[in-house]
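Structure first, then comments.
Given below as structure tokens:
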């Protein structure tokens, strides 16, 4: 493939995505302008079943923020490449956030077809991705649970406290704030790093001690019972972050 053409396709695809998600965040009613009547759009239904149709039938489903009761959209990974007949394939990963419930990851694939001036979305496939599904490949022995975190604990503070033990997997920090306590998970690239953190427990964290244990599958099911009350979940980004589409 011609490197110049590939570079041009990447610039066009990345530029499209930047404008698309800015529109989704700030002016969702304008989203149909990226499509044509022949566009094929796929979205999850209320029961989770994927359904596909043309723009006329799916126009109300383009605004995934409002239809799914989220507040903001963040793009964490973006890939664009030249495809068939001068088209461009764009793959975006990211997550929606809400003050009322945990963030939710998504992946969205676009095929941009050329037109007289620029491109339009010929196909658009959107899918929510469960956090557990996205992390099936994580080595269980490389993950730890950090107990008794302070209520103001953040992703950055946890990363700073535990990177001394080894390299942390990108997207491998999670902080959970429940009604009466806070805890977190850290996923290292190497099992030896997790073991070093466990052996160093208790670990100093923001001038207080936190306790480290091996992460077990039953932690989440135990702590997410209704008696633990409502909570907020923060996750570090899975891949290198692009500019926030909503703040440009």
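In the UniProt record's numbering, the protein residues as written are 1 to 248.
Cβ coordinates follow ideal geometry from the N, Cα and C atoms, glycine included.
As for any alpha helix (DSSP H) of minimum length 4 sitting wholly inside the UniProt domain "NTF2" (12-128), the runs are 55-58 and 64-67, ordered along the chain. Partner residues in the beta bridge of residue 168, as assigned by DSSP, are 188. A Cβ-Cβ separation of about 6 Å places residue 64 in contact with residue 126 under the 8 Å criterion. Distance between residue 120 and residue 75, taken at the CA atoms: about 20 Å.
Residue 148 sits in coil when the DSSP states are folded into three classes, being neither helix nor strand. Contact between the stretch 108-115 and the stretch 160-178 is not established, with fewer than three Cβ pairs separated by less than 8 Å. Nearest C-alpha to residue 215 among 145, 208 and 181: 145. A distance below 6 Å between beta-carbons, with the five flanking residues on each side excluded, links residue 123 to the following residues of its chain, in chain order: 40 and 111. Contact check between the stretch 43-58 and the stretch 77-90: fewer than three CB pairs, one atom from each, fall below 8 Å, which does not count as touching.
Cβ-Cβ distances below 8 Å link residue 200 to 165 and 212 in the same chain, with the five nearest sequence neighbours on each side left out; the list follows chain order.
Taking C-beta atoms under 8 Å as the contact rule, residue 98 and residue 70 qualify, at a distance of about 5 Å. Cβ-Cβ separation between residue 187 and residue 141: approximately 10 Å, too far for a contact (criterion under 8 Å). Where residue 205 is concerned, the enclosing beta strand (DSSP E) starts and stops at 203-205. The three-state reading of DSSP puts residue 153 in coil, since its state is none of H, G, I, E or B. Around the Cβ of residue 38, a 10 Å sphere holds fewer than 16 other Cβ atoms; the residue is exposed. Residues of the same chain with a CB within less than 6 Å of the CB of residue 161, apart from the 5 flanking positions on each side, are 205 in chain order. Note that the C-beta distance between residue 14 and residue 89 is not below 8 Å.
36 is the residue among 36, 198, 28 and 27 whose C-alpha sits nearest the C-alpha of residue 114. When secondary structure is reduced to three states using DSSP, residue 182 falls in the strand class.
Between residue 149 and residue 171, the C-beta spacing is not below 8 Å.
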